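Everything on this sheet refers to the single structure shown next.
Protein chains: 2
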Amino acid sequence: MSKSLLAEQPLRAVPALKPIDTPKTCVEPGEDYRRLAERRHAWSAWPDGDTVTGPPLRSSSMSIKGKPTSFDIAYLAGVSQPTVSRALRGSPLVNEETRNRILDIARQLNYKVDKNASSLRSQQSGTIALLLFEDPTPDDSHINPFFLSMLGSITRACARRGFDLLVSFQQLSNDWHRDYEDSNKADGLILLGYGDYLDYREKLEKLSAQGTHFVRWGAVMEGQPGVSIGCDNYQGGLDITAHLLAKGHTQIAFLGDTSESCPELRDRFLGYQQALKNAGIDTAPALQVDAITTENSGYESLRELLSRGVAFDAIFGASDAIAIGAMRALLEHGYKIPSEIAVAGFDDIPLASYVNPPLTTVLQDTKQAGELLVDNLLRLIHNEPVVSTTIAPRLIVRRSCGG
Amino acid sequence: MSKSLLAEQPLRAVPALKPIDTPKTCVEPGEDYRRLAERRHAWSAWPDGDTVTGPPLRSSSMSIKGKPTSFDIAYLAGVSQPTVSRALRGSPLVNEETRNRILDIARQLNYKVDKNASSLRSQQSGTIALLLFEDPTPDDSHINPFFLSMLGSITRACARRGFDLLVSFQQLSNDWHRDYEDSNKADGLILLGYGDYLDYREKLEKLSAQGTHFVRWGAVMEGQPGVSIGCDNYQGGLDITAHLLAKGHTQIAFLGDTSESCPELRDRFLGYQQALKNAGIDTAPALQVDAITTENSGYESLRELLSRGVAFDAIFGASDAIAIGAMRALLEHGYKIPSEIAVAGFDDIPLASYVNPPLTTVLQDTKQAGELLVDNLLRLIHNEPVVSTTIAPRLIVRRSCGG
DNA sequence: CTGAAAGCGCTTACAG
DNA sequence: CTGAAAGCGCTTACAG
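Chains as they are written, first to last, in the working numbering: chain A, 1 to 403; chain B, 1001 to 1403.
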């Protein structure tokens, strides 16, 4: 008996609990689909269920237990199962009248193509996996809101293209054990997150060598493995530093890691240096303090800066989280923002407009970023040429750098 | 030839572009797996690739092109393919030595079980789908941060249980067309989001009737279809209103929709009413203004309240978004918070601690909520008994209601 | 435009 | 503890 006809089987029974493995009806040589389907359907008791009345049916009403398959549709439509498959996928090969009949029946039975079967056969899953790395905050604290925003835009971009999105949080230190593409659960990967780039890079090279389809959000550099999409961090750093200079600040501290481990922050730093250079100002090493993208790190880095005893009249936090942490430290120490110290950030997370005073920062367009990431990944999957790209930053002026 | 041995096929070619459908080697009756595997492997040229040296191999080094299958592992381990399958799933039936040999080879080949095949056969996907409804904000604006926080905790809860998470944004008005469970892409659904409950409820009943496994986050009420997990909104509303009363406020306005469409806000309102009653205070209808959970709606509702000309000394925003919008309106109108007007919210979104003054609110423990949602859904999937549950709210006292 | 046949790569009774 | 056989529900050449 076909599984879909097992009247005894409770609707949607969980296979793990009630294993069933009865042989399915076989086609005798020479027997046609019509007769097969009839035999399949004749065996069941049709006790109840949805009522279907399609054009070419022998009996005017019949029912199907359990999830209908394409064979059930085929029987009811009086066609072969492959024709059903073609019709449902919109193949132009199928006669329009036939197609409509099939679609109609499928709708009535609430038929859904089994994704596992179609993915297995076609070797395409219609799914993208998003791996979110969050090494700086391995605890259950809040995820960086910038990535949350990216997640939102990626989800929407996938949906618009008819792809599903698998979301997975990973420690950068993990082995990325659950390899979504190798297990055929996803056609490609989007990598998102902060962490030690040197560590990260090794894994990227591995992925690249394996031929995995992936794009990552992050610094765009020469000779990187794979495809990267990122903000033009250099330009953003330059723009906001120029803004601080234009507001009359000259002793601008930079809070952020400038090592190879954080190429994004490093690029922002290089932009900062260039802006100063353009203004004829030397970069004072004492005005740079390492920090990673968390509020606490920003807070600590400002205290470190204060302890150095160097004079400064402005802060450029390499990310909003750093800048907001620094603001907290400044306020605690009695500084007035922006009248005594100006503060600027980078990212334009939602919080930036709510802190007091509202934070002047650099917007990274997450919507565009999500679109680009998904588009480029799909290109990779289709073996089309893809190049790493940067998106343009945009200065968002609020009150933290003065009127 | 087996697909995995097609030397001409480029590594990871995309099937859509290079369709290949060559027959696979057949077992002649009486022929054993060993011989089959040898024939399969003998056909290939072994030009290059990973080198494997397992214990019982004839040749000391051989390579496999493309993704290895369980048949490849079986050949190399000198066992049948089902034994490989058992060993990899940790079946106790497999001899330990055999298992280790198999695991070793699988590791060397970087073998990953094909999820589509295993899900198809076992009818279990090991995946949960999260449907996020966001009807009040159908544009590309920011997702409600409370749901983002839930998303994070749900993702982690799934990962801890070895489940993958499919994320999908839906309009409540949609037909939820892509039915993840019916297409066997997911074993169950988690529903999350705001929207008109009456609308929503219809769909829940449909899902329930179809036998879909789902749990939702939201108001827990008698006679609801399916399983709900939610905060004890009544208690939370009562607690925070009692707090406002204890701070000496007696004319407390409630901003939030109290209709059947928003049972969560309604429950908070009922708690608010009860707290006032306990204090011997009548609820003035003029002190209640409808609002949905967005900042703009909160802003507008406060302006509506002001236009009514009723006296009030405190605001209970039925959600943080509403409260924060109301704060903005109050500040614009020159009111001092909390000295002139106290403000309280509900949710404890990350922003709550950053607004000025920091917002006193009710915490909904998203971590616990995520765990409960996932646990209960898994119980449903395993046909274990499940009941709707509320989680306890927790008062978070900050400065917006006065010292 | 349609159908018969094969096969995607697993898991699951069943038999020994 | 292991293997031979069947089958999950599709899609894809192939032939007409």
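All residues carry an ideal CB built from backbone N, CA and C; glycine is no exception.
The structure presented is a predicted model; accordingly, all values stated were derived computationally and were not measured.
Classified as buried, residue 1213/B has 16 or more neighbouring CB atoms from the shown chains inside 10 Å of its CB. The beta-carbon of residue 271/A is placed no less than 9 Å from the nearest beta-carbon of chain B. Under the three-state reduction of DSSP output, residue 281/A falls in the coil class, being neither helix nor strand. Close to residue 1159/B, with beta-carbon spacing below 8 Å, are these residues of chain A in chain order: 168 and 169. Nearest Cα to residue 1392/B within the set 1366/B, 1386/B and 1384/B: 1366/B. Cβ neighbours of residue 1348/B within its own chain (closer than 6 Å, five residues either side excluded): 1361, 1363 and 1396. Against chain A, the beta carbon of residue 1148/B has neighbours under 7 Å at 148, listed in chain order. Chain B has no Cβ within less than 9 Å of the Cβ of residue 294/A. Proximity of residue 155/A to chain B, defined by a Cβ-Cβ separation below 9 Å, is satisfied. Here the region 1118–1133 of chain B does not lie against the region 1090–1101 of chain B, with fewer than 3 beta-carbon pairs under 8 Å apart.
Annotation: the continuous alpha helix (DSSP H) that includes residue 1295/B extends over 1295–1308. Residue 1276/B and residue 1235/B have their alpha carbons spaced roughly 13 Å apart. Here residue 1192/B is near residue 1151/B, since their CB atoms are less than 9 Å apart.
For residue 1103/B, no Cβ of chain A is located within less than 9 Å of the residue's own Cβ. Here residue 125/A is not bridged, per DSSP, to any residue. Counting along the chain, residue 158/A sits inside the alpha helix (DSSP H) bounded by residues 145–160. Listed in chain order, the positions of the region 1111–1127 of chain B with a beta carbon within less than 8 Å of a beta carbon of chain A are 1112, 1113, 1114, 1115, 1116, 1117, 1119, 1120, 1122, 1123, 1124, 1125 and 1127.
With fewer than 16 other beta carbons inside 10 angstroms of its own, residue 89/A counts as exposed. Between residue 334/A and residue 316/A, the C-beta gap is not smaller than 9 Å, which leaves the two residues out of contact. Residues of chain A with a Cβ closer than 9 Å to the Cβ of residue 1354/B are, in chain order, 324, 351, 354, 355 and 356. By the C-beta density criterion, residue 339/A is exposed, having fewer than 16 other C-beta atoms within 10 angstroms. Residue 146/A is positioned such that its CB atom lies closer than 9 Å to that of residue 320/A.
Against chain A, a Cβ distance below 7 Å from residue 1143/B picks out 152. Residue contact check for residue 1336/B against chain A: no CB pair falls below 9 Å.
Under DSSP, residue 360/A shares a beta bridge with 344/A.
At a cut-off of 9 Å between beta carbons, residue 299/A makes no contact with chain B. The C-beta of residue 165/A comes closer than 9 Å to at least one C-beta of chain B.
Taken through DSSP and simplified to helix, strand or coil, residue 1194/B comes out as strand. By the beta-carbon neighbour count (other beta carbons within 10 angstroms, threshold 16), residue 387/A is exposed. Between residue 219/A and the set 209/A, 230/A and 378/A, the nearest pair of CA atoms involves 230/A. Setting aside the 5 residues that flank it on each side, residue 1243/B is surrounded in the same chain by 1344, 1360, 1395, 1397 and 1401, each with a C-beta closer than 8 Å to its C-beta; the list follows chain order. Bounds of the alpha helix (DSSP H) holding residue 1099/B are 1096–1108. Beta-bridge pairing by DSSP links residue 1168/B to 1131/B. Shown here for residue 1354/B: not one same chain residue has a beta carbon closer than 7 Å to its own, the five before and five after excluded. In the DSSP assignment, residue 230/A falls outside any alpha helix (DSSP H) and lies within the beta strand (DSSP E) extending over 227–231. By the rule that beta-carbons nearer than 9 Å mark a contact, residue 1179/B touches chain A.
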